[in-house]
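Heads up: the structure comes next, in structure tokens.
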Amino acid sequence: TYEVMLKVHILAVIKLCHAVLSNMISKEKGIIINVASLGAFFPLPINAVYSASKSFIKIFTESIYLELQGTGVKVQALCPGMTITDFHGKMGFKKDTYYKDKGLMKAMTPEEVVEISLQYLKKNKVLCIPGRYRQLLGFLLRFLPSKVIYKMVSSVMHK
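Below is the structure:
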């Protein structure tokens, strides 16, 4: 249900960060990686609560990143696109259809996502969007008019 999703995506993220941050700050080191989504950058019809809660994770993580400057604590909002896991099957998507090669936006393995995330951490980059074309999409979405984004999302979601 959406209430469970909100508890996991919002309350758990806040509580877990709160539970570890004071210790990390006092030791002047630590790493927090919050898993957002590429879906945090645009609205998702049929998945409104998902995209809204992932947007929360992205903004929350960027905010604590700014608060923690100079403390030695690294923070990252990991924003993967399609990643091959059991998640989509549990949502009712057929694996063969959902993960079919979508050209530039093909699904990544969890190992690929983790490797890229760790590379971003070494560079102290707060936003990690694994995959070159996903990075380009994340960049472009900041500048495209909402009307264009809505048309793009609608055309993809209604296929």
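Numbering (the numbering used here), first residue to last: 1196 to 1354. Where a beta carbon is used, it is the ideal one built from N, C-alpha and C, also for glycine.
Of all the options the options, which has the alpha carbon lying nearest to the alpha carbon of residue i?
i	options	result
E1245	N1218, K1224, I1254, M1200	Looking at the sequence shown, residue 1245 is not Glu but Tyr. Ranking N1218, K1224, I1254, M1200 by Cα distance to Y1245 puts M1200 first.
I1227	L1322, V1343, F1338, G1326	L1322
V1268	Y1345, M1347, I1220, C1274	I1220
A1231	I1324, K1342, L1339, F1334	I1324
N1218	T1266, E1257, Y1260	T1266
G1326	E1310, L1339, P1340	E1310
I1209	M1303, K1253, Y1197	K1253
R1329	V1308, A1247, L1313	V1308
P1275	P1238, L1313, L1233, L1331	L1233
M1277	K1301, V1215, R1337	K1301
Y1315	D1281, P1305, A1272, F1338	A1272
Tell me which residue opens and which closes the beta strand (DSSP E) that residue i is part of.
i	result
K1317	Not the beta strand (DSSP E): K1317 falls in the alpha helix (DSSP H), residues 1305 to 1317.
K1269	1268 to 1273
Go ahead and label residue i buried or exposed: buried means 16 or more other beta carbons lie within 10 angstroms of its beta carbon, across all protein chains shown.
i	result
V1203	exposed
S1341	exposed
P1240	exposed
A1235	buried
F1255	buried
Y1197	exposed
V1343	exposed
L1332	buried
Checklist line | Runs of alpha helix (DSSP H) wholly within the segment 1202 to 1262 (minimum 4 residues, chain order) | finding: If we require 4 residues or more, the alpha helix (DSSP H) runs fully inside the segment 1202 to 1262 come out as 1207 to 1222, 1243 to 1262.
Next item on the list: Determine, using beta-carbon pairs with one atom in the segment 1305 to 1322 and one in the segment 1254 to 1261, whether at least three such pairs fall under 8 Å.
Entry: Contact between the segment 1305 to 1322 and the segment 1254 to 1261 is present, because at least three Cβ pairs lie under 8 Å.
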